[in-house]
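Chemist: This is the structure I want to talk about, given as structure tokens.
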Amino acid sequence: MAVPVEEAIAALSTFSLEDDQPEIQGPGFWVSAERGATTSPIEYSDVAAYRLSLSEDTKSINQLNLLIREGKEMGSVLYTYRSCVKALPQLPDSMKQSQADLYLETYQVLDLEMSRLREIQRWQASAASKLAADMQRFSRPERRINGPTITHLWSMLKLLDVLVQLDHLKNAKASIPNDFSWYKRTFTQVSVQWQDTDSMREELDDLQIFLSTRWAILLNLHVEMFRFNNVEDILQVLIVFAVESLELNFALLFSERHILLRVLPVLVVLAASSEKDSESLYKRVKIHRLINIFKNDPVIPAFPDLHLSPAAILKELSSYFPKFSAQTRLLGLPSPHELPPREAQDYQRHYLIVNHIGAIRAEHDDFSIRFASAMNQLGLLRSMESADLEWAKEVKGNVYDMVVEGLQLLSRWTTRVWEQCAWKFSRPCKDPISTESTETTATYSDYEKVVRYNYSAEERKALVELVSYIKGIGTLMQKSDTLVADALWETVHAEVQDFVQNILATMLRTTFRKKKDLSRILSDMRTLSADWMANTSRPDSEMQSFPQGGEENRGNFFYPRAVAPTAAQVHCLQFLIYEVVSGGNMRKPGGLFGNTGSDIPVNDLKQLEIFFYKLGFFLNVLDYTATVANLTDLGFLWFREFYLESSRVIQFPIECSLPWILVDHVLESQNAGLLESVLMPFDIYNDAAQQALVVYKQRFLYDEVEAEADNCFDIFISKLCDTIFTYYKSWAASELLDPSFLFALDIGEKFSVKPKRFTTLFKLTRVKLLGRSINLRSLISERINKVCRENIEFLFDRFESQDLCSIVELEKLLEILRLAHELLSKELNLDSFSLMLSEMQENVSLVSYSSRLASQIWTEMQNDFLPNFILCNTTQRFVRSSRVPPVPLQKPSVPHAKPNFYCGTQELNSAYQSFARLHSAFFGIPHMYSIVRLLGSRSLPWLIRALLDHLSNKITTLEPLITALQEALPKSIGLLPFDGGVSGCVRVVQEHLNCWQSKLDVKIEALRGIKEIGSILYWMSLLDIVLREVDTSQFMQTAPWLGLIPGGDGQIVQYQDGEDSPIISLFKSVAAAIASNPGISNPLSFRVLSRQAEAADLLYKSNINAGSVLEYSLAFTSAAMDKYCSKWSVIPKTGFVDITTSKDFYRIYSGLQIEYLQESVQSQASHHGAPGDSIAWGACTIIYLLGQQLHFELFDFSHQVLNIAEVEAAANSSAHRNSQLSQGSEILLEAMKKARRLNNHVFSMLKARCPLEDKQACAIKQSGAPLHRIKFENTVSAFETLPQKGL
Amino acid sequence: MMARAGGITNAVNVGIAVQADWENREFISHISLNIRRLFDFLLQFESTTKNKLANLNEKLDTLERRLELLEVQVSNATANPALFNSS
């Protein structure tokens, strides 16, 4: 079953090959068909078939081409030659006896290298003699053989070019003579034992002369050429050909242009080596034309880091060719380094890409649009069943034009890169201004001077842009290779047929009718290329569709055929045209198509000329992929063999490497427009690696390229991820700043982040690098995942090195990171943030309730917060006490990190820092919010439990202290006597309390204990406030779903009792609707959904009546105190209130209170030094829970003193104010009042939150005596539901 | 005019041969172009498939990591059954 090929191929297009991969890399040439079609792949063996008697010529072409190939290999051997001498080992003194062995080894190593040089020497001798012989054979005036053809001329030029380059390299490479002299020395050492070394020595001398003579190859060629004095003609023809091609600059791609430019000065030197010759040369080519060409291109690229200068070559050769030294006009041209500043400026303007980038950008945009539209038209044409022939021809012609334009564009752009490089190499930067390293004496290597410091930021940017344009267009063209191939063939076919069938026919009928010789050539052209039958092979019906009328003006009509002419056909046609215009006469004055002396009319000549050059370009078009590959090859930007040698290093660091400089520039420049070009410079490595393998054929070069590319790519990835992370962090940070505040701020601009697009880079799953395909996307996500974790880790580390107050800052920073992560997650597949957080908090396990953060908060509270912070009841804040803590705290130092671990940019960091500073000196409501949000419902209970345990411990440690104080109290303390007045009372109290004099430590300890208990309780009340607010807001969100509505008396009632809540009924009805619809494939999932709704309902409902943390804590405290109840609150035996002998807790505290009030008055300590308000909280809570509030209020010393003071004040109000009352007691009274107010406040709060009255009311015995202690149902064991520390 | 080594000898035969050559080469061009298209297709198929596989791989990676986490959690929970059976 045979399926037509076309149908089979067309069927492939039914596969979906959609791919969201952005095209931001250069073309990858996987397979190149037809590579080398520009030169006949079968070495012109088919030329013989056309019977043009060109066999001699063909043989010569093939011989020259072989020499060119060999020569290029010699060139790459020389270019990549690296000095061996440097690698040779030195013998230590202890091994001097084996010196001879070393010499032998060295000799053998060097001999291998030298044999290559010897081979080059031999080769150049034979190449020169063959080239000279070839020229002589084909330049005899009385020619017996056909030729030389144009292809032949090109081969001569190319071989000459190879020889010139080889010579130039040999002159430039200093290591070669160096190695040679070493070799010679070892040879003399080694050869002592040998016999018959004369011939070897002779050979060695020969080689030495060859290596040490500058321009030895050219000199030798000159000798060979002028052995018989008749090559001037062909030299002149070559010069004319080169000059005309260069001036026309139409059909030349850059590599050909550079060949001509390199060869031309040498040709001129060879051709003008005698007076007579130069005169006849200038008759054919005016000298100013040559000067113009030389002046236009003062530097010509030869090898990647080696350039040629025509002026310098002319000058240097003039000393070797004495006859040429008379050519003062040519020798007067300035070399690049001698250019006067004005001219140098002009050249600079011409060579630097940055001056043309605007125009190039416009060209690029325009071309890519038109090319794409041509492709679309072609696609449209393909998709149509039958299209109008004329239109089809037009579309395909357009495609052809676009391809030609594209190739020329690429050629122009790549020339610019080459030439800018050459120009930069010729003009190293003069005084490297050492910007960053001022202390190191600025000794830059030569390579740094020509590359690293020779490109300004603007120039780098322009170069990146141009490289991406070249690669971009290259990709575009390469992708459409198989699409355009037959259209190109068809158009070329049509062009050729149109010329031979129509234009030639007209010429034959008119101008050439009389000229037998010429018309014979013209009809030969028709014979060898006309495709007469193309029109007859089609069915007649199709032919009919095309209007046949007006055949005279249209000429022959021929059917399109998608077949291109062969290289041999083009070769023959070019030869015949050349034959027509030159008349086969080399001495024909004037140029190739110059009209002088020829009797062909201008019009016909013009047509012949156009077709001639078109033919030359056809081959490039037909060799599509190879041409595109050659034109987009930028590997030369990497190679630096010449500078490596002159700098005497093995390899330069990557900072000197141009590709890396470009990549680095893109990343550093923060230019959003360049980002998508960041991978383009890596194509330079791809190209360089390809060249190392295919052109230079050196394994070590490839290894070096690979090593550098790998290294660069690693650095690139890490830099890129850093940039990405910084960008997203600063974006998130600026989003989280208050916008209205920013708007009002003058410097608000500073905090906005300029948008950048990383989307294309995120999409890349295959980056081509040296034949490997790298998944950039996964690399980026991997690293971002890692850096997020590192960032979290860092934030925790940082928190751990600061005190509890920095929790607000921590929350802010985590919030920024969370938002950055969220923004990144839109582009990349990252681990969820909560997962990372719990991983870094070390509470991934389901049964771990503590977390790194919770335990840190706990440690911090235990060690720093509770002992060292004091409470201010009015502001509801804790602040650090100015008293020096007894045990200095040991904390890790604040870790250092890059700005992107905070908020991204420096500006945003400082903004957030000033925000954090607001919260850094106290602990209050905002901090509590942060704790609640950061710990969440998972770790908070753990923390509460830990604190309550601490509280119960504190009570336990308090107990012996209190007992000690109780024991020291005097037997009886009565009410204070009124008659003593305030000062008297105070004295009485002091006398009573003198018993504590010896127990100073106990007092302090007891106060501290009470203070810590108070701090914990107050902390719990803050937590309670925050939790209530959080719960309320959650309730407001869930209530409508749970069907909860406000009832009549402010209570919450269930809407429609007995029925489902709205959330359940909603999902139930959805599930029911889905189940009833048979079209839905998966009703089960909706049933699951409805079940989940029921679960949610249950969960959220149970959350509504959450208890209060404060009440819980108070209950816990009460339970914890049960044990000590009997000691602290003795039930009087009498059953009545015990006034004088009571040693209950309230009395102890009363004493403590009045003492510390006196102390604080006396010392006048600053408020920060005072123990703060939490003592009152602690003591009052204990008193309240012991049921001693009333006792305290009645019998407290300071209360009593205040009462007396009031009476005294009332008594004194009428009399003169008693100023005797010392200032001290005034202040003391103030302090007492304040303490009373605070105590009252605490008691009222406690009454509200933990009412005892009701219970107390019924807790009076029937005897009338009050039952002093009410037992709560809570016992400590009831609190075991909270997760314990240590789990 | 100098002696030229003749034009095409036996022009008629050459003409016929050229004509046949055009036709043969049309066939060759046709086949070679279609082979190239086939090859292009394979290349493109390879690259799109690679891309799809990369996407799949990414999803699998994420799933794998989540699964690992869940496994750890489950093993942790089963090691401490008391915590879940208390009520």
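Protein chains in written order, with the numbering used here: chain U, 12 to 1298; chain G, 486 to 572. C-beta atoms are modelled at their ideal positions from N, C-alpha and C, and glycine is treated no differently.
1) Assuming L1053/U and Y1111/U form a contact by the criterion Cβ under 8 Å, report the distance between their Cβ atoms to the nearest whole angstrom.
2) Could you give the DSSP three-state label for L554/G: helix, strand or coil?
3) Pop quiz: C996/U and V1212/U are said to be a contact at Cβ under 8 Å. What is the actual Cβ separation, rounded to whole angstroms?
4) When you measure from the CB of E652/U to every non-hydrogen atom of the ligand COA, does any distance come out below 7 Å?
5) Mind checking who V1064/U pairs with in its DSSP beta bridge?
6) Going by the CB atoms, is the gap between A496/U and Y635/U shorter than 8 Å?
7) To the nearest angstrom, how far is the alpha carbon of L63/U from that of L78/U?
8) Mind pulling the beta strand (DSSP E) runs of 3 or more residues that sit fully within the region 831 to 896 of chain U?
9) Are the C-beta atoms of L554/G and some chain U residue less than 8 Å apart?
10) Hey, how far is the Cα of R800/U from the Cα of Y739/U?
11) Helix, strand or coil for F933/U? Go by DSSP, reduced to three states.
12) Below 7 Å CB to CB, which residues in the same chain sit around F989/U once its five sequence neighbours on both sides are set aside?
13) From L392/U to P766/U, what does the alpha carbon distance come to, in whole angstroms?
14) Measure from the C-beta of L548/G to each C-beta in chain U and report whether the shortest distance is under 8 Å.
15) Hey, would you say K1138/U sits closer than 8 Å to T968/U, going by beta carbons?
16) Nearest to C667/U by CA position, among G759/U, S456/U, Y923/U and F807/U, is which residue?
17) Give, in chain order, every residue of the region 485 to 503 of chain U whose Cβ lies closer than 7 Å to some Cβ of chain G.
18) Measure the Cβ-Cβ separation of E470/U and V365/U and say whether it is below 8 Å.
19) Considering only their Cβ atoms, is the gap separating L232/U from L292/U smaller than 8 Å?
20) According to the neighbour-count rule (16 or more other Cβ atoms, all chains shown, within 10 Å of its Cβ), is E501/U buried or exposed?
21) Using a Cβ cut-off of 9 Å, which residues of the region 777 to 789 of chain U contact any Cβ in chain G, in chain order?
22) Taking only the alpha-carbon atoms, compute the straight-line gap between Q977/U and M1132/U and give it to the nearest angstrom.
23) How long is the line joining the alpha carbons of L626/U and S658/U, rounded to whole angstroms?
24) Going by the CB atoms, is the gap between Q431/U and A313/U shorter than 8 Å?
25) Short of 8 Å Cβ to Cβ, which residues in the region 50 to 83 of chain U face chain G?
26) With DSSP as the reference, label K779/U as helix, strand or coil.
27) Taking only three categories from DSSP, how would you classify D509/U?
28) As a quick exercise: from L1168/U, E54/U, P1182/U and T91/U, pick the residue whose alpha carbon is nearest that of H1210/U.
29) DSSP on P1051/U, reduced to helix/strand/coil?
30) Rounded to whole angstroms, what is the Cα-Cα separation between S284/U and W226/U?
31) Given this structure, state the Cα-to-Cα distance separating D1071/U from A1083/U, to the nearest angstrom.
32) What does DSSP give as the partner residues of H318/U in its beta bridges?
33) Could you compute how far the alpha carbon of L645/U sits from the alpha carbon of V88/U?
34) Of the residues E396/U, Q388/U, R423/U and Q419/U, which one's Cα is nearest the Cα of V406/U?
35) Determine, for I20/U, whether the minimum Cβ-Cβ distance to residues of chain G falls below 8 Å.
36) On the DSSP bridge list, what partners appear for S784/U?
Modeler: If we stick to the structure as given:
1) 6 Å
2) Helix, per DSSP.
3) Between C996/U and V1212/U the beta-carbon gap is near 5 Å, inside 8 Å, which marks them as a contact.
4) As far as ligands go, the structure on display features none, and thus does not contain the ligand COA.
5) I1056/U
6) yes
7) Going from the Cα of L63/U to the Cα of L78/U covers about 25 Å.
8) 880 to 883 and 888 to 891
9) yes
10) 15 Å
11) strand
12) I1215 and V1218
13) 42 Å
14) Residue contact with chain U for L548/G: absent (no Cβ-Cβ distance below 8 Å to any residue of chain U).
15) no
16) Of the listed residues, the one whose Cα sits closest to C667/U is S456/U.
17) T493, A496, D497 and W500
18) yes
19) no
20) By the 10 Å Cβ count, E501/U comes out buried.
21) R777, S784, N786, R788 and S789
22) Rounded to the nearest angstrom, the two C-alpha atoms are 17 Å apart.
23) Spanning the two alpha carbons is a distance of roughly 46 Å.
24) no
25) A60, Y61, R62, L63 and S64
26) Here K779/U sits in strand by DSSP.
27) helix
28) L1168/U
29) helix
30) 16 Å
31) 15 Å
32) Checking the DSSP bridge columns, you'll see H318/U partnered with P312/U.
33) 21 Å
34) Checked all of E396/U, Q388/U, R423/U and Q419/U; the closest Cα to V406/U is Q388/U.
35) yes
36) K779/U
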